[in-house]
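**Q** Next up is a structure, given as structure tokens.
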Ligand SMILES: CC(C)(COP(=O)(O)OP(=O)(O)OC[C@H]1O[C@@H](n2cnc3c(N)ncnc32)[C@H](O)[C@@H]1OP(=O)(O)O)[C@@H](O)C(=O)NCCC(=O)NCCS
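Residue numbers (this note's numbering): 5 to 209.
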């Protein structure tokens, strides 16, 4: 089973390990900086994004491993439009409820838990050891960083970013492109395009 990964970054490295653990036998990277970066660990980097778009039919699956939420989502949508088989990748050491759904191009790393009736959009990252509890709705392009704890019934808008170790009280509404700072404790709704930090979390000045 051949997987193409767009984005030869540190995050791409973890996506590759996750994909291997999930059963993908051959992993090939594409990155616009491929001339100066020929391997990600032992996986080859063979061309730029344009080369991937030309060759999508050769791969059983394609996923975008770019940390920037907007760029990852835009590339994922473009690949879907180009006919690529954009797949989600779930580490076997993650626990995902059978009543939850995971969108195309999303990755769920080792140690993470996604609880019942939660819905993850496309191109999301549920990073190492994060938990997303029951009945959450995370839109396309959301990144839940390592060690984040999201309680039940939370809504995350498109491309919201939950920084490492943050925690979010149940029922909170987090707007699109909001940034939750590392270690923040969210106890009030967060507006779109707003950065909050601290315990309790408040808008950063
Ligand atoms: C909130 C955040 C986006 C701010 O980034 P930034 O605008 O570059 O902020 P700076 O590093 O310039 O810091 C500005 C000030 O905010 C403080 N600050 C930054 N992040 C903070 C945080 N998470 N909690 C509390 N204070 C924070 C800094 O100490 C600094 O304070 P000072 O002016 O008194 O020195 C960033 O620090 C953050 O938390 N990002 C999440 C990173 C992450 O989770 N990465 C994981 C990738 S998998």
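Backbone N, C-alpha and C fix where the C-beta goes; we use that ideal spot for every residue, glycine too.
1. On the CB-based measure, 16 or more other CB atoms within 10 Å of its CB, does residue 92 come out buried or exposed?
2. From residue 173 to residue 8, what distance separates their C-alpha atoms?
3. Do you know whose CA, among 75, 32, 47, lies nearest residue 55's CA?
4. For residue 133, collect the residues of the same chain with a Cβ closer than 7 Å to its Cβ; drop the 5 residues on either side in sequence, then sort them by chain order.
5. Report the option in 188, 72, 202 whose CA atom is closest to the CA atom of residue 268.
6. Taking the DSSP output, what are the residues bridged to residue 47?
7. Excluding the five sequence neighbours on either side, which residues of its own chain have a C-beta within less than 7 Å of the C-beta of residue 169, listed in chain order?
8. Give me the Cβ distance between residue 69 and residue 11, rounded to the nearest whole Å; I'm assuming they're in contact under 8 Å.
9. Just the Cα atoms here: how many angstroms apart are residue 144 and residue 109?
10. Taking 7 Å as the cut-off, does the CB of residue 73 come closer than this to any heavy atom belonging to ligand 1?
11. Just how far apart, CA to CA, sit residue 38 and residue 175?
12. Residues in its own chain within less than 8 Å of residue 50 by CB, not counting five upstream and five downstream?
13. Where are the alpha helix (DSSP H) runs, 4 residues long or more, that stay fully inside the region 33 to 111, in chain order?
**A** Taking the structure as given:
1. As a working mapping, residue 92 is identified with position 88 in the chain shown. With 16 or more other Cβ atoms within 10 Å, it is buried.
2. Start at 1 with the first residue of the chain shown, and residue 173 comes out as number 169. Start at 1 with the first residue of the chain shown, and residue 8 comes out as number 4. When rounded, the distance between both Cα atoms is 37 Å.
3. Mapped onto the chain shown, residue 55 falls at position 51. When each option's Cα is compared against that of residue 55, the closest is 32.
4. Taking the first residue of the chain shown as 1, we reach residue 133 at position 129. Here the set comprises 115, 116, 150, 151.
5. Coverage of the chain is limited to positions 5 through 209, which leaves residue 268 absent and any answer about it impossible.
6. By one-based count along the chain shown, residue 47 stands at place 43. Note: residue 47 sits in a beta bridge opposite 44.
7. Counting from one through the chain shown, the residue named residue 169 turns up at place 165. Residues 151, 152, 186, 187 of the same chain have their beta carbon placed closer than 7 Å to that of residue 169, with the five preceding and five following residues left out of the count.
8. What you label residue 69 is simply residue 65 of the chain shown in a count that begins at 1. What you label residue 11 is simply residue 7 of the chain shown in a count that begins at 1. Distance from residue 69 to residue 11 at the Cβ level is roughly 4 Å; contact confirmed, criterion being Cβ atoms closer than 8 Å.
9. For the purposes of this step, residue 144 is identified with residue 140 of the chain shown, where counting begins at 1. For the purposes of this step, residue 109 is identified with residue 105 of the chain shown, where counting begins at 1. Whole-angstrom Cα-Cα distance: 10 Å.
10. By 1-based counting over the chain shown, the position of residue 73 is 69. Incorrect: residue 73 has no Cβ contact closer than 7 Å to ligand 1.
11. In the chain shown, residue 38 corresponds to position 34, counting from 1. In the chain shown, residue 175 corresponds to position 171, counting from 1. Whole-angstrom Cα-Cα distance: 43 Å.
12. Walking along the chain shown from the start, residue 50 turns up at place 46. Around residue 50: 32, 33, 34, 38.
13. As far as the region 33 to 111 is concerned, its whole alpha helix (DSSP H) runs of at least 4 residues are 53 to 59, 73 to 85.
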